[in-house]
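Worksheet for the structure shown next.
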Amino acid sequence: MAVRREEERTTVDRYSGRVRVNHWVTAISLILLAISGAALFHPSLFFMASLFGSGSNTRMLHPWIGCVLLASFAILFVQMVRYNFWTKADSHWMRHIGDVMSGNEENLPEVGKYNGGQKIIFWLMTLLILVLFATGIVIWYEYFGTTFTIEQQRFGHILHALAAIAMLLVVIVHIYAAFYVRGTINAMTEGKVTGGWAFRHHRLWLRREAREGVIDERQTPPRRLGPKAPAE
Amino acid sequence: MAGLQSQDFARISATTFRPPDVRHDFEVAKLIDVSKCIGCKACQAACLEWNNLREEVGINRGVYDNPHDLTPNSWTLMRFTEWENPESGNLEWLIRKDGCMHCADPGCLKACPAPGAIVQYNNGIVDFISENCIGCGYCVKGCPFNIPRISQTDHKAYKCTLCSDRVSVGQAPACAKACPTGAIVFGTKQAMLDYAQTRLTDLKSRGFKNAGIYDPPGVGGTHVMYVLHHADRPQLYANLPENPRISQVVELWKGLTKYAGMAAVGFAAAFAFVHATIARRNDVSRAEDREAEHLIDEEAARGRQT
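Below is the structure:
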């Protein structure tokens with residue numbers, strides 16, 4: 353992780369390749385889960401089951417994709433949890449969420465690697481994935497159809513549906529925030545953001561990164577051609 | 436389905452359109468007179484034979500129930516209960532033929548997420564259409580009587596069809612045909628209710644003052660009914676539910692949650708769309724890019740000092 357002076361711009365490393373791979377495995381799993389889950393949730397969305405071949409395939413695959421999600425998110429959790437503990441500055445930031453939404457971040461306290469909103473999303477996703485996994489096991493009929501009573505499975509179904517709806521809302525906020533705050537998506541595609549982006553949104557984090565040192569990746573400027581040195 | 440066709444559907448699982456409405460049939464019903472049953476299991480054998488099913492050879496656990504429970508292959512099962520009547524001091528052998536009750540308001544159909552996997556014909560029979568079944572087991576949770584069974588080999592749900600193939604060509608279900616005592620009779624629902632009244636008169640004249648018909652209103656009535664000698668205590672008959680109805684949890688899951696959930700997600704997406712269109716663009720300015728350079732230089736210098 354470092355600040356890099358490049359030819360045209362300054363960038364700050366934000367996510368290593370390992371975190372990015374993990375993030376996208378999690379993201380793709382979540383999208384596949386949302387599609388297959390929605391197909392089983394509402395009749396007018398059942399047509400999406402054909403993306404998985406058939407309704408039976410959807411029913412069979414959905415829980416396994418859930419297992420992939422749990423595993424990849426568990427690793428993501430370990431990679432990110434140390435930046436996500438709540439501080440007083442986060443409470444202050446959350447009280448001014450309206451300024452962020454209207455593009456006036458100038459008067460907010462300096463933010464570390466993550467702001468309050470990002471931390472809330474992190475913890476909500478953690479909680480919801482745990483609820484979805486636990487209730488998902490209860491309603492995984494193929495393997496656990498006789499492990500739990502029918503009444504327990506009924507409660508499993510409604511909790512799973514409610515948690516999934518909450519998860520979709522959290523995901524919508526997450527995706528939209530990444531889109532609305534321009535320059536954010538590069539962090540997860542290229543692994544780095546511009547210096548200006550870090551200054552605007554995560555200044556405290558930029559300070560810490562800069563203190564670690566700056567790598568100059570500019571080519572050394574071509575030497576000015578002066579008068580030829582006299583031959584010796 | 437030999438004769439019953441898509442034009443006979445009155446309800447179709449997981450569909451939002453209205454089923455065809457041109458045909459209106461008499462409602463049919465099977466009446467099982469528990470007081471006449473001798474527990475011979477001819478109905479079970481006839482069911483296996485007509486539906487071309489084979490049950491595994493099981494083990495004896497010291498009770499007459501064989502197999503021990505409904506299975507994907509056994510769609511009907513005699514459940515035996517020994518009960519000592521405290522009033523008369525008699526030992527009564529209560530034998531109930533268990534199986535799908537063909538509810539007027541079927542919980543399985545309400546819970547089913549696969550379009551057309553569960554249908555109700557306009558004669559009242561509730562049928563599973565295997566080619567549309569996805570094996571999710573939601574019907575198990577919808578059913579107030581714990582009837583559907585999912586095969587672990589083909590992942591399809593199975594239960595009594597009320598011999599819909601026989602009924603469609605004017606035949607009675609195989610179990611009714613095979614019953615040697617006439618304990619199982621089949622006809623229009625009204626004819627069965629009328630016939631049941633004659634049975635109640637007979638039973639009451641012989642001292643069963645609580646004899647009655649089991650046609651539970653909580654599920655809109657059923658198309659399989661019982662004549663019970665102790666209709667005031669249906670639980671005596673191998674836990675036949677006293678007031679069966681679709682679980683409130685299932686109703687909430689398949690009702691409010693479905694619509695509120697769709698609305699919440701739709702609203703969030705719409706909000707994002709409107710905000711994206713009208714809100715001030717949250718982008719990094721040139722000035723911020725320049726300020727970042729100063730800040731990086733400052734902090735880098737501070738970093739070198741320490």
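One line per chain: the protein sequences are A and B, in this order.
All residue numbers for the first sequence refer to the working numbering, where the first residue is 353 and numbers rise by one.
All residue numbers for the second sequence refer to the working numbering, where the first residue is 436 and numbers rise by one.
Where a beta carbon is used, it is the ideal one built from N, C-alpha and C, also for glycine.
Where Phe643(B) sits in the DSSP three-state scheme: Here residue 643(B) corresponds to residue number 208 of the second sequence, with the count starting at 1. Three-state result, Phe643(B): coil.
By Cβ distance below 6 Å, which residues in the same chain neighbour Tyr661(B) in space, the five residues on each side in sequence not counted? On the second sequence, residue 661(B) is found 226 positions in, with the first residue counted as 1. Ile467, Val469, Tyr649.
Along chain A, which residues have their Cβ under 8 Å away from the Cβ of Thr450(B)? As a working note, residue 450(B) is residue 15 in the second sequence. Simply Pro395.
Is it right to say Asp456(B) is buried, meaning 16 or more other beta carbons lie within 10 angstroms of its own, or is it exposed? Here the question's residue 456(B) lines up with position 21 in the second sequence. Result: exposed.
Taking Val575(B) as the query, report the chain A residues whose CB atoms sit under 9 Å from its CB, ordered along the chain. Along the second sequence, one-based indexing puts residue 575(B) at 140. Those within 9 Å of Val575(B) in chain A are Tyr493, Gly497, Ile502, Gln505.
Can we say the segment 547-559 of chain B touches the segment 437-454 of chain B, given the rule of at least three CB pairs closer than 8 Å? Yes, the segment 547-559 of chain B is in contact with the segment 437-454 of chain B.
Per DSSP, which residues does Phe515(B) bridge with? Please list them. The sequence position of residue 515(B) within the second sequence is 80, counting from 1. DSSP output for Phe515(B) lists Ile530(B) as bridge partner(s).
Any chain B beta carbon closer than 8 Å to Leu392(A): Indexing the first sequence from 1 puts residue 392(A) at position 40. Judged by the 8 Å Cβ criterion, Leu392(A) is in contact with chain B.
Check distances from the C-beta atoms of the segment 547-565 of chain A to those of chain B and list, in chain order, the residues that come in under 9 Å. In summary, the residues of the segment 547-565 of chain A whose CB is separated from some CB of chain B by less than 9 Å are Gly547, Gly548, Trp549, Ala550, Phe551, Arg552, His553, Arg555, Leu558, Arg559, Arg560, Glu561, Ala562, Arg563, Glu564, Gly565, in the order they occur in the chain.
Just to confirm, are Ala722(B) and Gly455(A) a CB contact at a threshold of 8 Å? Taking the first residue of the second sequence as 1, we reach residue 722(B) at position 287. Taking the first residue of the first sequence as 1, we reach residue 455(A) at position 103. No; because the gap between Cβ atoms is not below 8 Å, this pair is not in contact.
Evaluate contact between the segment 675-688 of chain B and the segment 570-589 of chain B, counting only Cβ atoms and requiring at least three cross-stretch pairs below 8 Å. yes
Does the structure place the segment 421-436 of chain A close enough to the segment 467-484 of chain A that three or more beta carbon pairs sit under 8 Å? yes
Can you name the residues of chain B whose CB is closer than 7 Å to the CB of Thr362(A)? Looking up residue 362(A) in the first sequence gives position 10. The answer, in chain order, is Ala727, Glu728, Ile731.
Indicate the three-state DSSP secondary structure (helix, strand or coil) for Phe563(B) in the structure shown. Counting from 1 along the second sequence, the entry for residue 563(B) is found at position 128. Strand, per DSSP.
Give the straight-line distance between the Cα atoms of Gly655(B) and Gln625(B), rounded to the nearest whole angstrom. Start at 1 with the first residue of the second sequence, and residue 655(B) comes out as number 220. Start at 1 with the first residue of the second sequence, and residue 625(B) comes out as number 190. So the two alpha carbons sit approximately 15 Å from each other.
Can you list, in chain order, the residues of its chain with a C-beta nearer than 8 Å to that of Ala449(B)? Leave out the 5 residues immediately preceding and following it. Mapped onto the second sequence, residue 449(B) falls at position 14. For Ala449(B), where only same-chain residues beyond five positions count, the Cβ hits under 8 Å are Cys547, Pro548, Ala549, Pro550, Gly551, Ala552.
Cβ contact check for the segment 629-647 of chain B and the segment 580-600 of chain B: 3 or more pairs under 8 Å: Under the Cβ criterion (8 Å, minimum of three pairs), the segment 629-647 of chain B does not count as touching the segment 580-600 of chain B.
Hey, does Asn508(B) have any beta-carbon neighbour from chain A nearer than 8 Å? As a first step, residue 508(B) is located in the second sequence; it is residue number 73 there, counting from the start. False, the Cβ-Cβ gap to chain A never drops below 8 Å.
If you drop the 5 nearest sequence neighbours on each side, which residues of the same chain put their C-beta closer than 8 Å to that of Gln571(A)? What you label residue 571(A) is simply residue 219 of the first sequence in a count that begins at 1. Taken in chain order, the residues that qualify are Glu359.
With a threshold of 8 Å between beta-carbons, can Leu663(B) be considered close to chain A, or not? As a working note, residue 663(B) is residue 228 in the second sequence. Taking Cβ atoms only, chain A never reaches closer than 8 Å to Leu663(B), which makes this a no.
Look at the alpha carbon of Ala437(B) and the alpha carbon of Leu597(B), and state the distance between them as a whole number of angstroms. Mapped onto the second sequence, residue 437(B) falls at position 2. Mapped onto the second sequence, residue 597(B) falls at position 162. In this predicted model, Ala437(B) has a pLDDT of only 43, less than 50, meaning its place in the structure is not dependable enough to derive any value.
8 Å is my cut-off, CB to CB: does Val654(B) come that close to chain A? On the second sequence, position 219 is the one that residue 654(B) refers to. No - not a single Cβ of chain A is within 8 Å of the one on Val654(B).
Three-way DSSP call (helix, strand, coil) for Gln744(B) in this model: Chain B is shown from 436 up to 741; residue 744(B) falls before or after that span and cannot be answered.
What do you get for Pro608(B), buried or exposed, if any count of 16 or more other CB atoms within 10 angstroms of its CB means buried? The sequence position of residue 608(B) within the second sequence is 173, counting from 1. So Pro608(B) counts as buried.
Using only alpha-carbon positions, find the residue among Leu422(A), Leu403(A), Asp365(A), Gln505(A) that is nearest to Asn374(A). Locating residue 374(A) in the first sequence gives position 22, counting from the first residue. The shortest C-alpha separation from Asn374(A) is found at Leu422(A).
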